[in-house]
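Going letter by letter, the sequence shown gives residues 81 to 316 in our numbering. Below: the structure, in structure tokens.
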Amino acid sequence: MHTILHTLMKKTGIAYLLTLFTMTVSCKAIKNLTAKDNSATSKTAKKEETPADRTFLESFSVVPGGARTSVAENGKAKIYTPTLSKPKTSFNIETASSLQFKYATIMDVPVEDLYNINLLKEIEYWWGTKYCMGGSTENCIDCSAFTQNVLADVYHINLPRTAQQQFDSCMHIDPTALQQGDLVFFQTSRRDISHVGVYMGNNKFVHASVSNGVIISDLNEAYWRPKFRGAGRVIK
81 MHTILHTLMK
91 KTGIAYLLTL
101 FTMTVSCKAI
111 KNLTAKDNSA
121 TSKTAKKEET
131 PADRTFLESF
141 SVVPGGARTS
151 VAENGKAKIY
161 TPTLSKPKTS
171 FNIETASSLQ
181 FKYATIMDVP
191 VEDLYNINLL
201 KEIEYWWGTK
211 YCMGGSTENC
221 IDCSAFTQNV
231 LADVYHINLP
241 RTAQQQFDSC
251 MHIDPTALQQ
261 GDLVFFQTSR
271 RDISHVGVYM
281 GNNKFVHASV
291 SNGVIISDLN
301 EAYWRPKFRG
311 AGRVIK
């Protein structure tokens with residue numbers, strides 16, 4: 081009997097040790113799996129909170145007037161502005177029109193810079209038309225009626241009637257951002273804005289001048305430079 085009891089206790093002890101070992105290993109395995117899951121969750125959370133993922137929201141802003149600023153290469157901001165100008169396409173000088181050569185000479189620019197043929201045709205139609213206050217025909221025209229016609233015929237944009245109203249209705253832009261088709265405004269009398277023209281490029285603008293009628297002038301001319309009051313862009 082003593083021998084039988086000793087044998088059972090011995091076997092029971094071994095079974096107990098095996099059971100205890102199995103439970104210990106299982107608990108460690110579960111603990112390791114839980115730790116891995118928590119580590120993965122932690123990495124995911126950190127990834128979602130990295131500065132790189134927050135950069136766009138922190139750097140995005142809206143510039144008064146509608147221009148947008150967003151992140152670009154090297155962390156610098158890139159300005160997105162609308163444009164009234166048509167994009168340049170491949171150019172063959174042998175196919176350039178006489179209008180392109182004519183206005184390239186007047187404006188002192190390369191022929192390929194004058195790719196908007198419709199704009200050149202519009203200017204040619206009005207070229208030399210004499211000025212008269214309140215005029216709006218080919219017989220005589222004033223500055224704001226001229227800009228009205230150009231933007232309507234070339235860009236299909238409707239402008240208000242007076243220079244001041246056109247200034248008030250457009251998006252004001254920095255003069256360094258001027259593009260072909262933008263408006264330039266001047267104070268030539270006691271009124272805040274009394275004159276307007278259409279920017280052409282290379283500091284040149286086309287307008288209905290009181291003394292010379294429809295002509296192209298330079299923003300840096302001694303007469304116009306001190307009278308310049310701002311630049312504007314009309315969004316279609």
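Heads up, the beta-carbon is just placed ideally off N, CA and C, and yes, glycines get one too.
Can you tell me which of the options puts its alpha carbon nearest to the alpha carbon of residue i?
i: R313; options: Y183, S249, E202; result: S249
i: C223; options: D233, K210, Y235; result: K210
i: T256; options: A311, G215, F265; result: A311
i: N219; options: V230, A232, Y205, K316; result: Y205
i: I315; options: W304, V189, F266, H252; result: H252
i: Q260; options: A302, D193, Y303, F308; result: D193
i: P306; options: S291, S216, T268; result: T268
i: E301; options: K284, T217, S177, I221; result: K284
i: I221; options: V290, D298, V234; result: V290
Assuming residue i contacts residue j (C-beta within less than 8 Å), just tell me the rounded distance between them.
i: I203; j: V286; result: 5 Å
i: V278; j: G208; result: Between G208 and V278 the Cβ distance is about 16 Å, and since that is not below 8 Å, they are no contact.
i: M213; j: M280; result: The Cβ separation is near 24 Å, so there is no contact.
i: Q180; j: L199; result: That pair is no contact at about 11 Å.
i: F247; j: F226; result: Contact flag wrong, Cβ pair sits at about 15 Å.
i: V189; j: N282; result: 5 Å
Can you have a look at residue i and say buried or exposed, based on whether 16 or more other CB atoms are within 10 angstroms of its CB?
i: D254; result: exposed
i: K126; result: Its pLDDT being 38, under 50, K126 is placed unreliably by the model, and nothing is read from it.
i: Y183; result: buried
i: N196; result: buried
In terms of residues, what are the limits of the alpha helix (DSSP H) holding residue i?
i: Y205; result: 197-206
i: L263; result: That residue, L263, is in no alpha helix (DSSP H); its beta strand (DSSP E) goes 263-266.
i: Y235; result: 223-235
The beta strand (DSSP E) that contains residue i, what's its start and end?
i: K284; result: 284-289
i: I296; result: 293-298
- Message: For the pair the segment 261-276 and the segment 236-247, tell me if three or more CB-CB distances fall below 8 Å.
- Response: Yes: at least three Cβ pairs fall under 8 Å.
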